[in-house]
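Residue numbers for the sequence shown follow this note's numbering, so the first one is 23 and each next one is one higher. Idealized CB from N, CA, C, for every residue including glycine. Take a look at the structure set out below.
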Amino acid sequence: MQISKYRVQRTMAQQVKRVLAVLVLVLLVYIVGSILLLGRERALAIQELDQMSELYTSELDNRFQRISRHLFSVMMEKNQPTSVFWNYVNMMDEEYDLDYPLVKLRETFFSSAWEYGQEYCFFLYLENKERYFRLSIDSQGSYTGEEHMEQAVLSQIGKLNDSGMPYSVKKKWNIITSGGETYMCKIAQNQGVYLGCYVNVKSILEPFSNIIMGKNGYVCLVNEQGENVGMLTSHGISEKNVEAKETDKYSIEKQLSQAPFSIRMKISGERIWDVVMGSVAVLATLAAMLIASGIVILIYLKRNILEPVQRFTRKLEQYDSGEYALNLTEESLLELERIDDKFKNMIHQIRRLKITLYEQALEKQKVEMDFLKLQIRPHFYLNCLNFIYSMIDFRQYDSARRMSKITADYLTYIFRNTSERVPVTAETLHCQNYLDILLLRYPGSFEGYVEVHEEVRDAEIFPFLIQVFVENAAKHALTLEEKILISVTVYPEDREEGTYVNIYISDTGDGFAPDVLERLQRGEGISDGGHHVGIANCLKRFKLYYNGMGEMNFSNSPLGGAIVDIHIPYRRYAQTGGGGIGE
23 MQISKYRVQR
33 TMAQQVKRVL
43 AVLVLVLLVY
53 IVGSILLLGR
63 ERALAIQELD
73 QMSELYTSEL
83 DNRFQRISRH
93 LFSVMMEKNQ
103 PTSVFWNYVN
113 MMDEEYDLDY
123 PLVKLRETFF
133 SSAWEYGQEY
143 CFFLYLENKE
153 RYFRLSIDSQ
163 GSYTGEEHME
173 QAVLSQIGKL
183 NDSGMPYSVK
193 KKWNIITSGG
203 ETYMCKIAQN
213 QGVYLGCYVN
223 VKSILEPFSN
233 IIMGKNGYVC
243 LVNEQGENVG
253 MLTSHGISEK
263 NVEAKETDKY
273 SIEKQLSQAP
283 FSIRMKISGE
293 RIWDVVMGSV
303 AVLATLAAML
313 IASGIVILIY
323 LKRNILEPVQ
333 RFTRKLEQYD
343 SGEYALNLTE
353 ESLLELERID
363 DKFKNMIHQI
373 RRLKITLYEQ
383 ALEKQKVEMD
393 FLKLQIRPHF
403 YLNCLNFIYS
413 MIDFRQYDSA
423 RRMSKITADY
433 LTYIFRNTSE
443 RVPVTAETLH
453 CQNYLDILLL
463 RYPGSFEGYV
473 EVHEEVRDAE
483 IFPFLIQVFV
493 ENAAKHALTL
503 EEKILISVTV
513 YPEDREEGTY
523 VNIYISDTGD
533 GFAPDVLERL
543 QRGEGISDGG
553 HHVGIANCLK
563 RFKLYYNGMG
573 EMNFSNSPLG
583 GAIVDIHIPY
593 RRYAQTGGGG
603 IGE
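Dropping the structure here:
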């Protein structure tokens, strides 16, 4: 990506001002967002009120229905000998003393106080004895409270008998009044035995006492005629029937399926806005603290960072004029002192790098000059020309024609190759030409095998990387009495670093001499008295070209023969038009 040189540049002070402007913009967005958030809070408060009323309504309906089912199941156990309730009821019918079976019945219904609550009172009425018994204990641990409820219950039993309607679990509970209080009542009967339960409607409102409804908020029970039968306000359960309007703002009404009344709830608007305004005050305070903190931080940054950096920049500019001398011991920023040390160290490394690069360039020029000298071997070329002349003289025109073609290709590769890289196929073709020239001159002295895998045919290498070792193997083959095989294979290799090229050169001759192999394995040059100059030059070029990323291993095969195992990173050859040899 190219960076425009006309890009606007700013000082650190300008950047700090821009940061301040961004902080102000963020603060405005924060205030607007806070207002929207508070509005959402208000809507969520009303939604929570609706969910709360729905939850409590479902709980009341569930409790009424469980009690109705309990009464029905107990009354239906009359003909079952295992029914504890009916065993004690039958005992009360047969015995004159009712105390023992009554105590046992009360013990049986003692657990109902824990399951449904002490506000739900169970009772028993025996028609044949015309006796009423309270089975649930009250909050004072007594069974004798609310004597006035006996007459109200008996009156309700009379109404049920007159109506002749059967008992139903799904049927709503009945409303009875006694002592100026309103009660919910459910009665089941079987052959003159009545078992029922009643609860004061005001007791249903007590769980709402922990709800914050505000000054004008309330929770009330409204009957089917729209009359208020019980109300809970911020002052507690009200004895007076305060009018509850259905159209009050922030009010919600839920109908009970098991009771002939509904629950109406209201939270006063003042309370909602009190909560919202409290949150606004908190958010405003936080915003003020944010502004104050931002100003303090900017002042601190200016004094302790901006100004020292500006002084550092002015001193750093002295480097261009050759007067670079930083002394930051008076500054309080340890980072600037470290930057100063790193900068001085960087300058020193740059100077050393320049010297190293210059030395490497000289070394590379020397290696390339040695490489060019190696290419100029007039005795080999003259021998080829004399051999061609001899073929013609003996009228071996086909062999002379082939020798001329191979020699021309061989010399073309040498003299036209001025590039630093060649494709591996060009190098292997050059090696094949060299072997063919020797086989024409010395038929049957050895066999040559060259194979390049399709995936690495376009891999690039430096010239004569393979030919040097092939030529060395071929020269030794000419000195042996037995016929040997010279093999060159080029295959891809997968490594963690990526794809590599494996060049494997081997022969079946006598192998490397022990002292030569030891020096090659240590990576030392083996040039001695003009011998092995090509291998020494190749080792230097390999080190310069691949700089530690390639491997060149030398060994002798257990079956006999020398092995050169080369591993280099795969790079695709690209013709640059520099006069090099392509495929």
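Between E228 and the ligand GDP, is the CB less than 7 angstroms from at least one heavy atom?
-> What this structure holds is no ligand at all, so the ligand GDP is not there to describe.
Short Cβ contact (8 angstroms threshold) for R443 with E482 = yes
Does DSSP put S256 in a helix, a strand or coil?
-> coil
Look at the alpha carbon of R333 and the alpha carbon of L49, and state the distance between them as a whole number of angstroms.
-> 32 angstroms
Exposed or buried, what is G218 when buried is set at 16 or more other beta-carbons lying within 10 Å of its beta-carbon?
-> buried
Go through its chain and collect everything with a Cβ distance to T130's Cβ below 7 angstroms, but skip five positions before and after it.
-> V106, F107
Own chain, CB closer than 8 angstroms to G520, minus 5 neighbours either side, in chain order | Exclusion of the five residues before and after G520 leaves P591, Y592 as the residues of its chain whose Cβ lies within less than 8 angstroms of its Cβ.
Between which two residues does the beta strand (DSSP E) harbouring Q277 extend?
-> 273-277
How is Q280 classed by DSSP in three states: helix, strand or coil?
-> coil
Buried or exposed for F132, please, with buried defined as at least 16 other CB atoms from any protein chain shown within 10 angstroms of its CB.
-> The residue is exposed, with fewer than 16 neighbouring Cβ atoms inside 10 Å.
Buried versus exposed call for H498 [16 or more other C-beta atoms within 10 Å across all chains shown] = buried
Can Q87 and Q280 be called in contact, C-beta distance under 8 angstroms?
-> yes
Best match in L60, Y78, A210, I319 for proximity to E275 [C-alpha to C-alpha] | Y78
Coil, strand or helix - I369 by DSSP | helix
How would you label L394, buried or exposed, when you count the other beta carbons within 10 angstroms and need 16 or more for buried?
-> Low per-residue confidence applies at L394: pLDDT is 49, beneath 50, and the placement is therefore not dependable, though the value from the model is reported in the following sentence. Taking all protein chains shown into account, L394 has fewer than 16 neighbouring C-beta atoms within 10 Å of its C-beta and is therefore exposed.
Using alpha carbons as the reference points, say which of P485, N109, Q418 lies closest to L462.
-> Cα-wise, what sits closest to L462 is Q418.
Buried versus exposed call for P188 [16 or more other C-beta atoms within 10 Å across all chains shown] | exposed
C-alpha gap between S412 and S467, whole angstroms | Approximately 20 angstroms, taken between the alpha carbons.
T501 (DSSP reduced to helix, strand or coil) = Assignment of T501 by DSSP, reduced to helix, strand and coil, places it in the coil class.
List in chain order: all unbroken alpha helix (DSSP H) runs of 4+ residues lying wholly within the segment 550-595.
-> 555-568
Contacts around T351, its chain only, beta-carbon distance under 8 angstroms, and the 5 residues preceding and following it disregarded | Low confidence applies to T351: its pLDDT is 45, below 50, so where it sits in the model is not reliable enough to give any reading.
Segment contact, 8 angstroms Cβ cut-off, at least three pairs: the segment 570-578 with the segment 536-545 = yes
Ranges of the alpha helix (DSSP H) found wholly within the segment 409-485, counting only runs of at least 4 = 419-438, 446-463
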